[in-house]
Amino acid sequence: MLTFAIIAGLVLLVVLLLLLFRINSLADVMKTEAQRRASTSNRVNAILMMVFLIGACALFFWYSIARQNEYKLPVASDHGIVTDNLFWISTVVTGIVFIITHILLFWFSYKYQYKKNAKAHYYPENNKLEIYWTVIPAIVLTGLVFSGWKAWSDITDKAPEGAEVVEIVGQQFQWSARYPGKDKQLGAFDFRKIDDENSLGIDFSDKSSFDDFIPRKIYLPVNRPVEFKIRAKDVLHSVYVPHFRLKMDAVPGMPTRFWFVPNKTTAQMREDLNNSGNPVWQEIDPNTGEPKWKNFNYELACTEICGRGHFSMKMLIEVVEEAEYKEWYAQQKSWLSTHEDYLSKVPADLKELAVISAGIESDKNN
1361 MLTFAIIAGL VLLVVLLLLL FRINSLADVM KTEAQRRAST SNRVNAILMM VFLIGACALF
1421 FWYSIARQNE YKLPVASDHG IVTDNLFWIS TVVTGIVFII THILLFWFSY KYQYKKNAKA
1481 HYYPENNKLE IYWTVIPAIV LTGLVFSGWK AWSDITDKAP EGAEVVEIVG QQFQWSARYP
1541 GKDKQLGAFD FRKIDDENSL GIDFSDKSSF DDFIPRKIYL PVNRPVEFKI RAKDVLHSVY
1601 VPHFRLKMDA VPGMPTRFWF VPNKTTAQMR EDLNNSGNPV WQEIDPNTGE PKWKNFNYEL
1661 ACTEICGRGH FSMKMLIEVV EEAEYKEWYA QQKSWLSTHE DYLSKVPADL KELAVISAGI
1721 ESDKNN
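Taken in order, the sequence shown gives residues 1361 to 1726; the numbers are from the working numbering.
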């Protein structure tokens, strides 16, 4: 009986060893198969990385060239030319860096794909390389920031002598513009003087306010510096005229400013759009039945979401020749002449001057 038990134990031991050997062999086979599959998968993914890189670059350059006319907005101010130059310089610099880094990214994915016998290189540091990729970007970014700062300083600096001054006031949900009148001196304002009629809070204790006028549309002379004095009555708004590359926040309690030189009249811009070759401007406007270029107007819009009626907050701008601008300017009636009740707000010693400056007396005689 003991002999049988020993023999049975030996047999079971042999069977167990065979099973273990078999399992080990299967494990080796599975490991080899897994490595083979992993190697194949990595190779396929690496190739796909290169295919994607080449395809994406081709589409990138094709779209940029083919659609250039559609995303390049016409410019109509001297400042806008500076802004566009800054934009394209920044785009080229960052675009080159973007393209180079992504080519390296996808190329490294291909070059350093998994290989069974490959060994990683020991590369702990490279001080020279660290200096290069720290100093060079710092110099480039400093140049970009400085050029942007200079452009910003120029347009927010004091406007040139003889600049046309227009006050732009934002409120929910409309823009208002105030011109300084014949004396070319914009009068003071005081938020405490705002009421249903005097919506801009014009201060009639300041004699410069007597001939100020508020038109329904903004008129500007071509090739003359124009200064926008900007403020808001209620919430944050933002003055935006895309063709002038003009954008400045209108902040309650904190007046801002921006000067520029419009260099194309509305009529000239319409003609340029007609000759631009851009099919968008040749499309027929369903409201007028005419090509869109014929109905083009410069537009002052709000780019700060300011409430429900934000979408409707816009004001038309007409850029005209100097002679036409002077004629239009001379025809404008002062706000005080159309709201004579506000003569009571004028100090007693200035009422006679107010009547003359506002043109009230001449209107009555006529």
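All C-beta atoms, glycine included, are put in the ideal place defined by N, C-alpha and C. From a predicted model like this one, the values you see are computed outputs, not experimental measurements.
Subject >> Endpoints, the alpha helix (DSSP H) within which Glu1490 is located >> reply: In the sequence shown, counting from the first residue as 1, residue 1490 sits at position 130. From DSSP, the alpha helix (DSSP H) with Glu1490 extends over 1487 to 1516.
Original post:
What do you reckon, are the CB atoms on Tyr1658 and Ile1644 nearer than 7 angstroms?
Top reply: Taking the first residue of the sequence shown as position 1, residue 1658 is located at position 298. Taking the first residue of the sequence shown as position 1, residue 1644 is located at position 284. No, the pair does not count as a contact, with Cβ atoms beyond the cut-off.
**OP:** Return helix, strand or coil for Glu1557, following the three-state DSSP convention.
**Re:** As a working mapping, residue 1557 is identified with position 197 in the sequence shown. In the structure shown, Glu1557 sits in coil (DSSP, three-state: anything other than H, G, I, E or B).
Original post:
Bridge partners of Pro1622, per DSSP?
Top reply: Here residue 1622 refers to the residue found at position 262 when the sequence shown is read from its first residue. Paired residue(s): Ser1437.
**OP:** Round the Cβ separation of His1578 and Met1675 to the nearest angstrom and send it over; I've been treating them as touching at under 8 angstroms.
**Re:** Here the question's residue 1578 lines up with position 218 in the sequence shown. Here the question's residue 1675 lines up with position 315 in the sequence shown. In the sequence as presented, His is not what sits at residue 1578; that position holds Ile. Right, their Cβ atoms sit about 6 angstroms apart.
Original post:
Should Ile1425 be labelled buried (16 or more other beta-carbon atoms within 10 Å of its own) or exposed?
Top reply: On the sequence shown, residue 1425 is found 65 positions in, with the first residue counted as 1. Result: exposed.
Original post:
Excluding the five sequence neighbours on either side, which residues of its own chain have a C-beta within less than 7 angstroms of the C-beta of Tyr1492, listed in chain order?
Top reply: Numbered from 1 along the sequence shown, position 132 holds the residue referred to as residue 1492. Closer than 7 angstroms at the Cβ level, and outside the excluded window around Tyr1492, lies no residue.
Original post:
I think Ser1569 touches Ala1537, with their Cβ atoms under 8 angstroms apart; what is that distance to the nearest whole Å?
Top reply: Mapped onto the sequence shown, residue 1569 falls at position 209. Mapped onto the sequence shown, residue 1537 falls at position 177. Actually they are not in contact, since the Cβ atoms of Ser1569 and Ala1537 sit about 15 angstroms apart, beyond 8 angstroms.
Subject >> Whole alpha helix (DSSP H) elements within the region 1649 to 1706, 4-residue minimum >> reply: Annotation: the region 1649 to 1706 contains the following complete segments of the alpha helix (DSSP H) (minimum length 4 residues), in chain order: 1682 to 1691.
Subject >> Per-residue burial, Arg1630 [other beta carbons within 10 Å of its own, 16 or more giving buried] >> reply: Mapped onto the sequence shown, residue 1630 falls at position 270. With 16 or more Cβ atoms within 10 Å of its Cβ, Arg1630 is classed as buried.
Original post:
Is it the case that the Cβ atoms of Asp1778 and Ser1717 are separated by a distance below 7 angstroms?
Top reply: Nothing about residue 1778 can be reported from this structure: the residues present for the chain run from 1361 to 1726 only.
Subject >> Residue burial classification, Phe1421 (beta-carbon count within 10 angstroms, cutoff 16) >> reply: Position 61 of the sequence shown holds residue 1421. So Phe1421 ends up on the exposed side.
Original post:
How big is the Cα-Cα spacing for Thr1494 and Cys1662?
Top reply: Locating residue 1494 in the sequence shown gives position 134, where the first residue counts as 1. Locating residue 1662 in the sequence shown gives position 302, where the first residue counts as 1. Whole-angstrom Cα-Cα distance: 40 angstroms.
Original post:
Do Leu1633 and Phe1604 have their C-beta atoms within less than 7 angstroms of each other?
Top reply: Within the sequence shown, numbered from 1, the residue matching residue 1633 stands at position 273. Within the sequence shown, numbered from 1, the residue matching residue 1604 stands at position 244. Contact flag unset, no.
Original post:
Is it right to say Gln1531 is buried, meaning 16 or more other beta carbons lie within 10 angstroms of its own, or is it exposed?
Top reply: Taking the sequence shown and counting its residues from 1, one reaches residue 1531 at position 171. Classification for Gln1531: buried.
Original post:
Are there 16 or more other CB atoms within 10 angstroms of the CB of Val1637, so buried, or fewer, so exposed?
Top reply: Working through the sequence shown from its first residue, we reach residue 1637 at position 277. According to the sequence as given, residue 1637 is Gly; it is not Val. The residue in question, Gly1637, is exposed, as its Cβ has fewer than 16 Cβ neighbours within 10 Å.
Subject >> Sufficient close CB pairs (3 or more, under 8 angstroms) joining the region 1611 to 1630 to the region 1592 to 1601 >> reply: Yes: at least three Cβ pairs fall under 8 angstroms.
Original post:
In or out: Pro1646 buried (at least 16 other Cβ within 10 Å) or exposed?
Top reply: Here residue 1646 refers to the residue found at position 286 when the sequence shown is read from its first residue. Pro1646 is exposed by the Cβ-count criterion.
Original post:
Taking Cβ positions, are Met1608 and Phe1620 nearer each other than 7 angstroms?
Top reply: Within the sequence shown, numbered from 1, the residue matching residue 1608 stands at position 248. Within the sequence shown, numbered from 1, the residue matching residue 1620 stands at position 260. It is not a contact, given that the beta carbons lie outside the stated cut-off.
**OP:** Report yes if the CB atom of Phe1466 is closer than 7 angstroms to the CB atom of Met1409, and no otherwise.
**Re:** Numbered from its first residue, the sequence shown carries residue 1466 at position 106. Numbered from its first residue, the sequence shown carries residue 1409 at position 49. Yes, they are a contact pair.
Original post:
Taking the C-alpha atoms as reference points, what is the distance between Ile1665 and Pro1602?
Top reply: One-based indexing of the sequence shown puts residue 1665 at position 305. One-based indexing of the sequence shown puts residue 1602 at position 242. When rounded, the distance between both Cα atoms is 17 angstroms.
Original post:
Would you call the region 1512 to 1531 and the region 1467 to 1487 in contact, with 3 or more CB pairs under 8 angstroms?
Top reply: Contact check between the region 1512 to 1531 and the region 1467 to 1487: fewer than three CB pairs, one atom from each, fall below 8 angstroms, which does not count as touching.
Original post:
How many whole angstroms separate the CB atoms of Ile1528 and Phe1447, which I take to be in contact at a CB cut-off of 8 angstroms?
Top reply: Numbered from 1 along the sequence shown, position 168 holds the residue referred to as residue 1528. Numbered from 1 along the sequence shown, position 87 holds the residue referred to as residue 1447. By a beta-carbon distance limit of 8 angstroms, Ile1528 does not contact Phe1447. Their separation comes to about 24 angstroms.
Original post:
Going by C-alpha distance, which of Ile1456, Cys1417, Phe1533 is nearest Arg1668?
Top reply: By one-based count along the sequence shown, residue 1668 stands at place 308. For Arg1668, the closest alpha carbon among the candidates Ile1456, Cys1417, Phe1533 is that of Phe1533.
Original post:
How long is the line joining the alpha carbons of Ala1708 and Ala1683, rounded to whole angstroms?
Top reply: Working through the sequence shown from its first residue, we reach residue 1708 at position 348. Working through the sequence shown from its first residue, we reach residue 1683 at position 323. Going from the Cα of Ala1708 to the Cα of Ala1683 covers about 38 angstroms.
**OP:** Identify the continuous alpha helix (DSSP H) that holds Ile1716 and give its terminal residues.
**Re:** Against the sequence shown, residue 1716 aligns to sequence position 356. DSSP places Ile1716 inside the alpha helix (DSSP H), whose first and last residues are 1711 to 1718.
**OP:** Using 10 angstroms around the beta-carbon of His1481, count the other beta-carbons present and answer buried if the total reaches 16, otherwise exposed.
**Re:** The residue given as residue 1481 occupies position 121 in the sequence shown. Looking at its Cβ environment, which holds fewer than 16 other Cβ atoms inside 10 Å, His1481 is exposed.
Original post:
Can you tell me where the beta strand (DSSP E) with Ser1536 in it begins and where it stops?
Top reply: Taking the first residue of the sequence shown as 1, we reach residue 1536 at position 176. Element bounds for Ser1536: 1534 to 1538.
Original post:
If you drop the 5 nearest sequence neighbours on each side, which residues of the same chain put their C-beta closer than 6 angstroms to that of Thr1626?
Top reply: For the purposes of this step, residue 1626 is taken as the residue at position 266 of the sequence shown. Within its own chain, the residues whose Cβ lies closer than 6 angstroms to the Cβ of Thr1626, once the five positions on either side in sequence are excluded, are Glu1678, Val1679, listed in chain order.
Subject >> Secondary structure of Glu1631, DSSP reduced to three states >> reply: As a first step, residue 1631 is located in the sequence shown; it is residue number 271 there, counting from the start. Taken through DSSP and simplified to helix, strand or coil, Glu1631 comes out as helix.
Subject >> Same chain only: Cβ atoms within 7 angstroms of His1597, ignoring 5 sequence neighbours per side >> reply: The residue labelled residue 1597 in the question sits at position 237 within the sequence shown. Contacts found: Gly1530, Ala1610, Cys1662, Glu1664, Cys1666.
Original post:
Going straight from the alpha carbon of Leu1411 to that of Ala1511, what length do you get?
Top reply: Position 51 of the sequence shown, counted from the first residue, corresponds to residue 1411. Position 151 of the sequence shown, counted from the first residue, corresponds to residue 1511. Sequence inspection shows Val at residue 1411; the Leu mentioned does not correspond to that position. So the two alpha carbons sit approximately 42 angstroms from each other.
**OP:** Could you pull the start and end residues of the beta strand (DSSP E) that Met1608 belongs to?
**Re:** Stepping through the sequence shown from its first residue, residue 1608 is reached at position 248. For Met1608, the uninterrupted beta strand (DSSP E) segment begins and ends at 1606 to 1610.
Original post:
What is the rounded straight-line gap between the Cα of Thr1698 and the Cα of Thr1454?
Top reply: Position 338 of the sequence shown holds residue 1698. Position 94 of the sequence shown holds residue 1454. In a straight line, the C-alpha of Thr1698 is about 55 angstroms away from that of Thr1454.
**OP:** Give me the Cα-Cα distance between Gln1733 and Asp1566, rounded to the nearest whole angstrom.
**Re:** Residue numbering for the chain in the displayed model covers 1361 to 1726; residue 1733 lies beyond these limits and cannot be assessed.
Subject >> Per DSSP, the bridge partner or partners of Pro1575 >> reply: Counted from its first residue, the sequence shown places residue 1575 at position 215. Paired residues: none, contrary to the question.
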